[in-house]
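Each position in the sequence shown, counted from 1, maps to that position plus 575 in my numbering.
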Amino acid sequence: MNWTEEKRKLSIRFLGKIPLDKEEKEKRKEKIQHLLKSGEANASEMVSKGEELLYNYVSIIKIVEKEKVSPLGIASNNDVDNVKLRYTTCIGDEIVRNPVPNWLRLTGDKWERDVEYFGGDNRDFAVSHSRFRTQINIESDFTDEDTTLSKKMNSSTFYDSNNKLLKTKKAGSSGISLDEKIVNMDNIKFDIEHSVGIPYLEGSLKFTPPGIDYAFTASLFREDGDYKIKGWHDGAPSHEFYISFDDGPYEELFQHDLYDFFYLFELTPKHYFNISN
């Protein structure tokens, strides 16, 4: 529980998991069988995940604020002029083992066959940091009736079994988009979609490594700085989300650790979130 001078804020968080409905469960089982037959995943890995693959995760986050009250006991005006959102993905470890099966590595270029490790960001969660996989910054201005999106990508590094650097490459950002739904002086609503692949095995005709995927819809209100944000993200890598009002300091919405790089695949559980204040 963190208190500020202007407002008292209490973050209430519920984390759980929900089973798939019958139709979605059958679809996921079919995808599992496809991965096993194609060799993109091994049977022992599937067995170790077990029933876990037939669930999704969900976070419900409620930020409760006590309004700032004037000396006369009259609630002050808490309307905001702009709201900023920052969403960052990162790999906390310094290096991570290449999760792609050996036989699929052989479908790539010479250097790709020798990759045993991917470089990570070697850090803990932090609202401001130069090391990350991807980062988006969204600024919504009620006065100007405008929303802008900026995208940042860092290079991926690839190492052999002796930790020797083989290649440095940067993924494109074309898979990140903002779609404005409502933009006026009182209410701004938009959709964000993020799908960024790793620049590895890009020329392979047999296999394309899964990318980092997430999506959300944000509804922002000028009055009292209210917001509602609903979406989902992959179970890898680590995901962190922050919000700021009127150019003030960023406040945490969530910090979700990496589950497993296997959770980048489409068939694996997703983490759904519902955030409001």
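No residue lacks a Cβ here, since even glycine has one placed at the ideal position from N, Cα and C.
Quiz item: Using a Cβ-Cβ cut-off of 6 angstroms (strictly less than) and excluding sequence neighbours within five positions of residue 788, which residues of its own chain qualify?
Solution: 770 and 809
Self-check item: Whole-Å CB distance - residue 680 paired with residue 671, under 8 angstroms assumed
Solution: Rounded to the nearest angstrom, the Cβ distance from residue 680 to residue 671 is 15 angstroms, too far for a contact under 8 angstroms.
Self-check item: Sequence-distant residues of its chain with Cβ nearer than 8 angstroms to residue 647 (five each side left out)
Solution: Only weak support is given to the placement of residue 647: the predicted model assigns it a pLDDT of 49, under 50, and the value that follows is read from those uncertain coordinates. Taken in chain order, the list of residues that qualify is empty.
Quiz item: Which first and last residues belong to the alpha helix (DSSP H) in which residue 677 is found?
Solution: Residues 677 to 680.
Quiz item: Secondary structure at residue 646, three-state DSSP: helix, strand or coil?
Solution: In this prediction, residue 646 has a pLDDT of 49, which is less than 50 and means its spatial position is unreliable; nothing more can be read from the coordinates.
Quiz item: Are the Cβ atoms of residue 782 and residue 733 separated by less than 9 angstroms?
Solution: no
Self-check item: For residue 631, the residue or residues it bridges with in DSSP
Solution: DSSP lists 593 as partners of residue 631.
Quiz item: For residue 850 versus residue 634, is the C-beta spacing smaller than 9 angstroms?
Solution: Yes; because the gap between Cβ atoms is below 9 angstroms, this pair is in contact.
Practice problem: Could you have a look at residue 717 and say whether DSSP puts it in helix, strand or coil? | Solution: coil
Exercise. Could you say which of 785, 838, 848 and 676 lies nearest to residue 792 if we only look at CA atoms?
Key: 848
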